[in-house]
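Report on the structure given below.
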Amino acid sequence: MPLQEIAKSGIANPITIVDEIEKAGTMTASGGSRVSLPDALLGLLEPSSSTSWECPYTRRSYNMSQITWILTANTRTGIPAPLLDRCRVFDIDYPEGDDWAGLIQTLATGRIFDEVTNRLIARVLAAVANGRPPSLRRISQLIDEAAAVSEDPVLH
3 MPLQEIAKSG
13 IANPITIVDE
23 IEKAGTMTAS
33 GGSRVSLPDA
43 LLGLLEPSSS
53 TSWECPYTRR
63 SYNMSQITWI
73 LTANTRTGIP
83 APLLDRCRVF
93 DIDYPEGDDW
103 AGLIQTLATG
113 RIFDEVTNRL
123 IARVLAAVAN
133 GRPPSLRRIS
143 QLIDEAAAVS
153 EDPVLH
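Here the sequence shown is numbered in our numbering, starting from 3 and rising by one per residue.
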């Protein structure tokens, strides 16, 4: 995929994001060889091998050392140690307290009315206080739904 992006964009140092790397599975080829995304990334993330990385498809060497890789994960469980060793890890905690209000405010600004935003903040804070914080994905969906409703034409 990075080769395709480089060829398409003409940019030799793209940013490549791999979301939820811990969920990447393993495939077994018909010949019995196993391939996994974490294993495939090792050569691309290692400075000494990324300068002359051989593409298994084209069977040519490419300098992939200028690619910026961002790997995200919900947990470190399931991520092989050799892959973790090649990454700079940032632990980002789940929002708490006032973080929720600021997050919702940021996501909703310019998309939904302030009154709706304030109601959403109040409901989320109540859910958090009761030990049932919603997912960030769900909050984003609610804001999207509210924005869609506010964009609907008003019929008289």
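All C-beta atoms, glycine included, are put in the ideal place defined by N, C-alpha and C.
How would you label residue i, buried or exposed, when you count the other beta carbons within 10 angstroms and need 16 or more for buried?
{"i": "ALA26", "result": "buried"}
{"i": "PRO40", "result": "buried"}
{"i": "VAL37", "result": "exposed"}
{"i": "THR111", "result": "exposed"}
{"i": "ILE145", "result": "buried"}
{"i": "VAL91", "result": "exposed"}
{"i": "ILE17", "result": "exposed"}
Locate the beta strand (DSSP E) running through residue i, then write down its first and last residues.
{"i": "THR60", "result": "Unbroken run through THR60: none, as it is neither H nor E."}
{"i": "ILE17", "result": "17–20"}
{"i": "ARG113", "result": "Premise fails: ARG113 is in no beta strand (DSSP E) and is neither H nor E."}
Look at residue i and residue j and say whether their C-beta atoms are less than 8 angstroms apart.
{"i": "ASN65", "j": "THR53", "result": "yes"}
{"i": "CYS57", "j": "LEU109", "result": "no"}
{"i": "ALA83", "j": "GLU24", "result": "no"}
{"i": "LEU43", "j": "LEU85", "result": "yes"}
{"i": "ILE72", "j": "ILE13", "result": "no"}
{"i": "TRP102", "j": "ILE123", "result": "yes"}
{"i": "VAL118", "j": "ALA150", "result": "no"}
The alpha helix (DSSP H) with residue i in it runs from where to where?
{"i": "ALA14", "result": "Neither: ALA14 is in no alpha helix (DSSP H) and is coded neither H nor E."}
{"i": "ARG140", "result": "138–153"}
Which runs of the alpha helix (DSSP H) at least 4 residues long sit entirely within the stretch 28–104? Give them in chain order. Whole alpha helix (DSSP H) segments, 4+ residues: 39–47, 49–52, 83–87.
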